[in-house]
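K.L.:
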Amino acid sequence: MSKDYMIYQSTRGCKTVSPSAAVLKGIAEDGGLYIMKDMDKLSFDWQACLKLNTIDKATMILSALLPDYENMAELTERAYRGRFETDDLTPVVKVGEDFVLELFRGPTSAFKDVALSMLPQLITAARKQENVTDKIVILTATSGDTGKAALEGFHDVDGTGIIVFYPDGGVSPVQRAQMATQSGNNVKVCAVKGNFDDCQRGVKETFAKDSAEQLLEGKGVRLSSANSINIGRLAPQVVYYFVAYSELLSRGEIALGDKIDFVVPTGNFGDILAGYFAKLMGLPVGRLVCASNANNVLTDFLNTGVYDRRRPFLRTTSPSMDILVSSNLERMLYLAAGGDTEKVKGYMEELSANGVYQISAEELARIRETYSAGFCSEEETGKTIGKVWKEHSYLCDTHTAVAMTVCAEYKKSSEYTGSKVVVLSTASPFKFPAAVLQAIGGNTEGDEFEQMEELSRMTGVPVPANLSGLKARPVLHKDLTDRDTITEYVMSQIFEV
Ligand SMILES: *Cc1c(COP(=O)(O)O)cnc(C)c1O
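Position 121, counted from 1, in the sequence shown is what numbering that gives the first Met the number 0 calls 120; the numbers after and before it change by one each time, with no gaps.
1. For ligand 2, is there any heavy atom lying closer than 7 Å to the beta carbon of D270?
2. Assuming S245 is part of the alpha helix (DSSP H), what are its boundary residues?
3. Tell whether a beta-carbon distance below 8 Å holds between S148 and L479.
4. Taking 7 Å as the line, does the beta carbon of M320 fall inside it for any heavy atom of ligand 1?
5. Going by the beta-carbon positions, is the gap between P264 and T425 smaller than 8 Å?
6. Kindly indicate which residue of V136, I439, G168, D446 has the alpha-carbon position closest to the one of L392.
7. Taking its Cβ as the centre, do 16 or more other Cβ atoms sit within 10 Å of L475, making it buried, or is it exposed?
8. So which of D3, I122, S9 has the shortest CA-CA distance to M347?
9. State yes or no: is the C-beta of D144 nearer than 7 Å to some heavy atom of ligand 1?
10. Verify the contact flag: A426, CB atom, against every heavy atom of ligand 1, threshold strictly below 7 Å.
11. What does the alpha-carbon distance come out to for the pair V343 and Y333?
12. Helix, strand or coil for P166? Go by DSSP, reduced to three states.
13. For Q522, count neighbouring Cβ atoms within 10 angstroms of its own Cβ and tell me buried if that reaches 16, exposed if not.
14. Flag T369 as yes when its Cβ comes closer than 7 Å to any non-hydrogen atom of ligand 1, and as no otherwise.
15. The alpha helix (DSSP H) spanning E101 covers which residue range?
16. Spatial neighbours of T107 within its chain, please: CB distance less than 7 Å, with the 5 preceding and 5 following residues excluded, ordered by chain position.
17. Cα-Cα, which of S171, D133, T180 is closest to G160?
18. Can you give me the Cβ contacts of L248 inside the same chain, cut-off strictly under 7 Å, excluding the 5 residues immediately before and after it?
19. Can you name the start and end residues of the beta strand (DSSP E) that A190 belongs to?
20. What would DSSP say about S9, mapped onto helix, strand or coil?
21. DSSP on Q128, reduced to helix/strand/coil?
22. I think E453 touches L469, with their Cβ atoms under 8 Å apart; what is that distance to the nearest whole Å?
23. Please report how far the alpha carbon of M457 lies from the alpha carbon of P432, in whole angstroms.
24. Look at A225 and T139 and say whether their C-beta atoms are less than 8 Å apart.
25. Whole-angstrom Cβ separation of A21 and I162, contact assumed at under 8 Å?
26. Is the segment 48-62 touching the segment 240-247, taking contact as three or more C-beta pairs under 8 Å?
27. Under 8 Å between the Cβ atoms of G145 and K111?
28. The beta strand (DSSP E) that contains M35, what's its start and end?
29. Pick out whichever of V387, E408, T397 has its Cα sitting closest to the Cα of G95.
30. List the DSSP bridge partners of S326.
31. Assuming Q236 and V156 are in contact, meaning their beta carbons sit under 8 Å apart, how far apart are those beta carbons, in whole angstroms?
32. Does ligand 1 have even one heavy atom less than 7 Å from the beta-carbon of P264?
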């Protein structure tokens, strides 16, 4: 590998690797996350990028972020062509004065599709580039959405296999049906007698046991992760910020160079960080507004510089944002600390030892140059869904409603300078039919499939095809394991995928 390509390093150490090696490894050996060195000096012709269609934008952006990949155009084509509801992949809709960027028009109606459609292509190409002949088997613990999006991305992709664990009784009936009916020659789906944390722990233990005891050494397979800490999941998300900007430009809503603010429903901080990457690449991004639900650890952090996870974990109607440790924030800390890996390492050590750390006033100021933050209660989430439906006939899901609520508050604050605002919409309302129906005054009797039909009947909005066909599809996966036998399950199935 040419030295010019050794441009990724860990947020906790200075040893460098190539982009494709970073994608294959997922996480650095020191526990840090891979990030491009001197990303703020990256030269990128953002104006030329705006002129391209979405798939070509993806090719140009991913080539800049992962420059050792040789045939990116082929990879983006394979990942995206014909797989989303619309050619632009992520349509922009005007709702009142603001804009909604719909990220959920992919094959599983989840925003995770944008990145998980691309990741398998990046992993298989990296495998070739790094001369790896082993099969790459992805292990994923899911609380619902990630598992299905990963299955859809990896099924029948040569050189890969995937095993997904979900908590038995801990995902919605629709999410369960999405996973249990998954076809493909290289997939296994297994329910776990336990909760999501048990699934996650089992997967982590399997990785740890494999590397400590070299269980798979010389057997032609190796494990990898589709988690959002992988740079190969983050990079594809930069694209839709450019798509939103081009859309507003072509509709005459902005002039070239005008800044746009983005409000982002946030959990692991990947989505919003991709917006920061877009800004570093030259796109005129104004403020990035971090929207949290009642688990508002990020709101507090962005307002005070103190990250304190010592608080109760709340279950909300926007479950994909129920999170107390936001992994990708570590990359933002690295950037705010000017690339000081010792400092980042120190903060992360404090977080794991004490559950809390505080960044310097200077670092906070640097973050706050771009970021604003707010959160939304459960009650307000429902109210916003009802209000937006009534006033604009636009049906949004619970996660998007959190962002819309925070958006309205942000626009009243002194930080808002009058730019156009784009709210990122991360889920189809049909994935959370009970909460959405309740919010618009509908009848929530019946199971989730009936609720989807009822929601569609009431609003005239069609159920996405991948969800409406689910009930009729045959169940292909019935495996169930104890929470303490996840590693054994993996070892017994790994040569079957
Ligand atoms: C994953 C997810 C989020 C959070 O995105 P992060 O990149 O983790 O901040 C928000 N909404 C939905 C529906 C999601 O699935």
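Glycine included, C-beta positions come from ideal geometry on N, C-alpha and C. Given the structure is predicted, the values throughout are model-derived calculations rather than measurements.
P.N.:
Considering the structure as presented:
1. Because ligand 2 does not appear in the structure shown, any question about it cannot be addressed here, the ligands present being ligand 1.
2. Here residue 245 is taken as the residue at index 246 of the sequence shown, counted from 1. From DSSP, the alpha helix (DSSP H) with S245 extends over 238-249.
3. Here the question's residue 148 lines up with position 149 in the sequence shown. Here the question's residue 479 lines up with position 480 in the sequence shown. It should be noted that the sequence gives Ala, not Ser, for residue 148. It is not a contact, given that the beta carbons lie outside the stated cut-off.
4. Walking along the sequence shown from the start, residue 320 turns up at place 321. It does: the Cβ of M320 is within 7 Å (strictly closer) of some heavy atom of ligand 1.
5. In the sequence shown, the residue the question calls residue 264 occupies position 265. In the sequence shown, the residue the question calls residue 425 occupies position 426. Going by C-beta atoms, P264 is nearer than 8 Å to T425.
6. Looking up residue 392 in the sequence shown gives position 393. Per the sequence shown, the amino acid found at residue 392 is Ser instead of Leu. The shortest C-alpha separation from S392 is found at I439.
7. Locating residue 475 in the sequence shown gives position 476, counting from the first residue. L475 comes out exposed.
8. The sequence position of residue 347 within the sequence shown is 348, counting from 1. If we check each option's Cα against that of M347, S9 comes out closest.
9. Position 145 of the sequence shown, counted from the first residue, corresponds to residue 144. Flag set: Cβ of D144 near ligand 1.
10. Start at 1 with the first residue of the sequence shown, and residue 426 comes out as number 427. Yes, the beta carbon of A426 sits closer than 7 Å to at least one heavy atom of ligand 1.
11. The residue you call residue 343 lines up with position 344 of the sequence shown. The residue you call residue 333 lines up with position 334 of the sequence shown. Answer to the nearest angstrom: the Cα atoms are 6 Å apart.
12. Residue mapping note: residue 166 aligns to position 167 of the sequence shown, counting from 1. Reduced to three states, the DSSP call for P166 is strand.
13. Outside the modelled stretch of the chain, which goes from 0 to 496, sits residue 522, for which no answer is possible.
14. For the purposes of this step, residue 369 is taken as the residue at position 370 of the sequence shown. False, no ligand heavy atom lies under 7 Å from that Cβ.
15. Translated into positions along the sequence shown, residue 101 becomes position 102. Looking at the DSSP string, E101 is not in any alpha helix (DSSP H); the run it does join, the beta strand (DSSP E), is 97-101.
16. Against the sequence shown, residue 107 aligns to sequence position 108. Answer for T107: K147, A148, E151, Q177, N465, listed in chain order.
17. In the sequence shown, counting from the first residue as 1, residue 160 sits at position 161. Considering only alpha carbons, the answer is D133.
18. On the sequence shown, position 249 is the one that residue 248 refers to. Excluding positions up to five away in sequence, the list reads L49, L255.
19. Working through the sequence shown from its first residue, we reach residue 190 at position 191. Segment 186-192, the beta strand (DSSP E) holding A190.
20. Here residue 9 refers to the residue found at position 10 when the sequence shown is read from its first residue. Looking at S9 - three-state DSSP - the assignment turns out to be strand.
21. Residue numbering aside, residue 128 sits at position 129 when the sequence shown is read from its first letter. In the structure shown, Q128 sits in a helix (DSSP, three-state: H, G or I).
22. Walking along the sequence shown from the start, residue 453 turns up at place 454. Walking along the sequence shown from the start, residue 469 turns up at place 470. Their Cβ separation, rounded to whole angstroms, is 16 Å, which puts E453 and L469 out of contact at 8 Å.
23. For the purposes of this step, residue 457 is taken as residue 458 along the sequence shown, with counting starting at 1. For the purposes of this step, residue 432 is taken as residue 433 along the sequence shown, with counting starting at 1. Each residue's Cα considered, the two are about 12 Å apart.
24. Working through the sequence shown from its first residue, we reach residue 225 at position 226. Working through the sequence shown from its first residue, we reach residue 139 at position 140. Closer than 8 Å, so yes.
25. On the sequence shown, residue 21 is found 22 positions in, with the first residue counted as 1. On the sequence shown, residue 162 is found 163 positions in, with the first residue counted as 1. Rounded, the Cβ-Cβ distance is 23 Å, inconsistent with contact.
26. yes
27. Position 146 of the sequence shown, counted from the start, is the residue given in the question as residue 145. Position 112 of the sequence shown, counted from the start, is the residue given in the question as residue 111. Note that residue 145 corresponds to Thr in the displayed sequence, not to Gly. Against a cut-off of 8 Å, the Cβ pair of K111 and T145 comes out as a contact.
28. Locating residue 35 in the sequence shown gives position 36, counting from the first residue. 33-35 is the extent of the beta strand (DSSP E) around M35.
29. On the sequence shown, position 96 is the one that residue 95 refers to. The residue with the shortest Cα to Cα distance from G95 is V387.
30. As a first step, residue 326 must be located in the sequence shown, where it is residue number 327. DSSP lists no partner for S326.
31. As a working note, residue 236 is residue 237 in the sequence shown. As a working note, residue 156 is residue 157 in the sequence shown. Their Cβ separation, rounded to whole angstroms, is 20 Å, which puts Q236 and V156 out of contact at 8 Å.
32. One-based indexing of the sequence shown puts residue 264 at position 265. Because some heavy atom of ligand 1 lies under 7 Å away, the Cβ of P264 counts as near it: yes.
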